[in-house]
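2 protein chains.
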Amino acid sequence: MSTILDIAKLAGVAKSTVSRYLNGGSVGEATKKKIEQAIKETGYSPNPFAQSLKAKKTNIIGTIVPRLDSYASSQTLIGIDEQLKKMNYQMLISNTSQNLEREIESIYSFANQKMAGIILLATEITDQHIEAFESVKVPVLLIGQEHEDFHSLIHDDFQAGYTMGRYVLEKGYRKIAYLGVTERDISVGVKRKQGFKKAIQEVDDCDVRFYETLFNIPAAQASANEIIYEFQPDIFVCATDNIALGVLKASYSEGIMIPQDLAVTGFGGYDVTGIIHPGITTAKFFYKEAGESAARHIVELVNERPVEKLTVSKFEIIERESVDNLFNRPL
Amino acid sequence: MSTILDIAKLAGVAKSTVSRYLNGGSVGEATKKKIEQAIKETGYSPNPFAQSLKAKKTNIIGTIVPRLDSYASSQTLIGIDEQLKKMNYQMLISNTSQNLEREIESIYSFANQKMAGIILLATEITDQHIEAFESVKVPVLLIGQEHEDFHSLIHDDFQAGYTMGRYVLEKGYRKIAYLGVTERDISVGVKRKQGFKKAIQEVDDCDVRFYETLFNIPAAQASANEIIYEFQPDIFVCATDNIALGVLKASYSEGIMIPQDLAVTGFGGYDVTGIIHPGITTAKFFYKEAGESAARHIVELVNERPVEKLTVSKFEIIERESVDNLFNRPL
DNA sequence: CTGAAAGCGCTTACAG
DNA sequence: CTGAAAGCGCTTACAG
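Protein chains in written order, with the numbering used here: chain A, 17 to 347; chain B, 17 to 347.
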């Protein structure tokens, strides 16, 4: 591996001149040629550690993600990565395997590694998160959860919940099981439910019950089984697509036909909801696009340019076979 | 951020002593105490760039992956990441979005960034890959494809193909469409097919046709539609789970019942194959475990310890509803 | 436009 | 056991 000194010698100039050339400073035509030639010969490329040591800062955006094997995470990461590349930044992923403590560690570790900025694909924001972010003084962007102290980019959970609620009501469903998740997850556990509730409050002949389950399919399946037994709803409105998949599994195993006997909706717009049969009606979020915006925003922040504190990403209801139109049914 | 010099002053010793303490050299009890105290007070932690600049080497393993949004990739990455963390190494992901040129660029870029080693989740190995690997002289490990020049860790594609072939024959299927992929992908396009062929050659009353499609679901769906029309197979043996999903979609849309009218098998063991209904019979590979082994191997290579050139990861046939037993059918 | 020198934060022989 | 000094590869004022 050649260094800047090798190039300087080869080109017959001082290394400060080479450095200036590399960084777009003023260099004479003749020297420029010589340096270019030397670089070509050696295949020289600067040592990023030496650069970072001087600069006390990198062009890397540390991205903390709770898991690698979810549609939402992957798509968001892809969006971030692609956009960052375009802007000549790099993405470094820290996977925390859904361990909040590891998120905190990652924040400090990223700061120590002189990341230019940090993006957190957030689930819960604890006091420790706040403390960590405040002590490291690195620009931060939250995705998926909002917090007054930090810049964030969220999906329109409330509005999606409201729209989904209206949709379900318009299709004629009135005996509804809302299968949600912990309220510690504000976006998924609170906002979607609140939006849904608002829609429900606009009608008065509705029998709705609210349940809580975990994010994974087997747990959702077990919950669905119980609820089917004790409540016999006409429809499950699920807080995530995975939970909807759990409901589907429960139905298969009980011989319940979808949508004839039971309807199901989700949130997320995971690919799998369109692959399976029947397809699941869902509120699709735009993870990749959100990732791209996030990348743009964090770079703005890194360069100390202003960014709106809160950005809300859009959504879209995708109608599929898992919901019937009760008004079209023969009596 | 405090530096080693701050610690040295605070503790009243030379920075070389602090450095020695940090790196486990011999330090007197009394000085040790003072240094520990100073580190605690300041929350000091060494600047990794300065360290890397000296060491000319990091403890980071660069991992090149063709895509982030596939089950196989995610699981493999999770395995690599977790194991690497245990061994005090870090993983850096480079996503190439299925662009072979970007893979080459990533190899050089990783070398430039002084990665301790490189893991490539390989699809095709071109001459440019070989040239790149040879010129950078960084330890390399291939996952998913084997190559005589490099250490590699593969799934047992041939044996899985063979076992799947025998399985299908034992269930009584004789009119078989094998839906494969390009032979440029040796593991998926060649090995699985070869194994399957071997099984077929052991019987003689078999009508098998071989087709080729792309890796994505819509392409597989289109291919399946054509094949159903022109060949009317009893079963599709698909080279990947995604292709099997494409066949399933084609069947849904044509009103073909699975497995009554048509059976389907895949390779991979993607989660989704067990979530949908009917579940897809598939040869499950152990991606996460493979990732863990890969992590162990690359670290061995980094430390110049011997590693077998080729490691073969296991597989397992998972029986689900997408394949019937023709011998059990009423006449 | 160009070069000499200092310094980023660390580690590593080399003395003592 | 401990410290002074050199050096890793780069950048950045500062002179000229």
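For every residue, glycine included, the Cβ atom is placed at its ideal position computed from N, Cα and C. None of these values were measured; they are calculated from a predicted model.
Coil, strand or helix - residue i by DSSP
i         : result
Glu337(B) : coil
Leu278(B) : coil
Ile120(B) : helix
Thr256(A) : coil
Phe375(A) : Since the first residue shown for chain A is 17 and the last is 347, residue 375(A) is missing from the structure and cannot be characterised.
Leu317(B) : helix
Gly284(A) : strand
Glu332(A) : strand
Ile296(B) : coil
Under 7 Å from the C-beta of residue i: neighbouring residues of chain A
i         : result
Ser61(B)  : Asn128
His145(B) : Within chain A, no residue comes near His145(B); the closest Cβ sits about 18 Å away, beyond 7 Å.
Val280(B) : Chain A residues near Val280(B): none, gap ~13 Å exceeds 7 Å.
Val97(B)  : Contrary to the premise, residue 97(B) reads as Asp rather than Val in this sequence. Within chain A, the residues near Asp97(B) are Asn111.
Residues that residue i contacts on chain A, provided the C-beta gap is smaller than 9 Å
i         : result
Leu100(B) : Residues of chain A passing the Cβ test: none, with the nearest at roughly 11 Å.
Delimiting residues of the alpha helix (DSSP H) encompassing residue i
i         : result
Ser168(B) : Ser168(B) -> not in any alpha helix (DSSP H); beta strand (DSSP E) instead, spanning His167 to His171.
Lys214(A) : Arg208 to Gln217
Lys153(B) : No alpha helix (DSSP H) holds Lys153(B); DSSP gives it neither H nor E.
Ser239(B) : Ile233 to Phe247
Gly290(B) : Val288 to Ile291
Ile20(A)  : Ile20 to Ala27
Thr6(A)   : Since the first and last residues shown for chain A are 17 and 347, residue 6(A) lies out of range.
Ser42(A)  : Unbroken run through Ser42(A): none, as it is neither H nor E.
Ser5(A)   : Summary: the structure shown does not reach residue 5(A), with chain A confined to residues 17 through 347, and so no result is reported for it.
Under 7 Å by beta carbon: chain B residues contacting residue i
i         : result
His293(A) : Tyr268
Leu84(A)  : Ser90, Leu93 and Ile94
Leu108(A) : Leu108
Continuous beta strand (DSSP E) stretch holding residue i: start and end
i         : result
Ser110(B) : Gln106 to Asn111
Lys191(B) : Lys191 to Gly196
Lys130(B) : First-last for Lys130(B): undefined, no H or E at that position.
Arg225(A) : Asp223 to Glu228
Ile272(A) : Per DSSP, Ile272(A) belongs to no beta strand (DSSP E) and is neither H nor E.
Ile77(B)  : Ile76 to Val81
Leu69(A)  : First-last for Leu69(A): Pro64 to Ala71, but that is the alpha helix (DSSP H), not the beta strand (DSSP E).
Ser329(B) : Leu326 to Ser329
Contact list for residue i against chain B, beta-carbon separation under 8 Å
i         : result
Ser239(A) : Under the 8 Å cutoff, chain B gives no residues; its nearest Cβ is about 16 Å from Ser239(A).
Lys265(A) : Ile291 and His293
Neighbour-count burial assignment, residue i, 16 or more Cβ in a 10 Å radius
i         : result
Arg345(B) : exposed
Val197(B) : buried
Leu159(A) : According to the sequence displayed, residue 159(A) carries Ile and not Leu. Buried.
Met131(B) : buried
Tyr245(B) : exposed
Ala71(B)  : exposed
Ser32(B)  : exposed
Asn127(A) : The amino acid at residue 127(A) is misidentified as Asn; the sequence shows Ala. Buried, because 16 or more other Cβ atoms sit within 10 Å of the Cβ of Ala127(A).
Ile202(B) : buried
Lys265(A) : buried
Val219(A) : exposed
Ser42(B)  : exposed
Ala46(B)  : exposed
Asn212(A) : Strictly speaking, residue 212(A) in this sequence is Phe, with Asn absent from that position. Counting Cβ neighbours within 10 Å, Phe212(A) comes out buried, since at least 16 surround it.
Lys191(B) : exposed
**OP:** With 7 Å as the limit, tell me which residues of the region 245 to 260 of chain A have their beta carbon closer than that to any beta carbon of chain B; keep them in chain order.
**Re:** none
Original post:
Listed from N- to C-terminal order along the chain, which residues in the region 64 to 77 of chain B have their beta-carbon within a distance smaller than 7 Å of any beta-carbon of chain A?
Top reply: Pro64, Phe65, Ala66, Ser68 and Leu69
Original post:
Can you list, in chain order, the residues of the region 220 to 235 of chain A whose Cβ is nearer than 9 Å to any Cβ on chain B?
Top reply: Ile233
Original post:
For the region 25 to 53 of chain B, which residues have a beta carbon sitting closer than 7 Å to at least one beta carbon of chain A?
Top reply: none
Original post:
Any residues in the region 163 to 180 of chain A with a beta carbon nearer than 7 Å to a beta carbon of chain B? Which ones, in chain order?
Top reply: none
**OP:** Taking only beta carbons into account, state which residues of the region 286 to 319 of chain B come closer than 7 Å to chain A, listed in chain order.
**Re:** Val288, Ile291, Ile292 and His293
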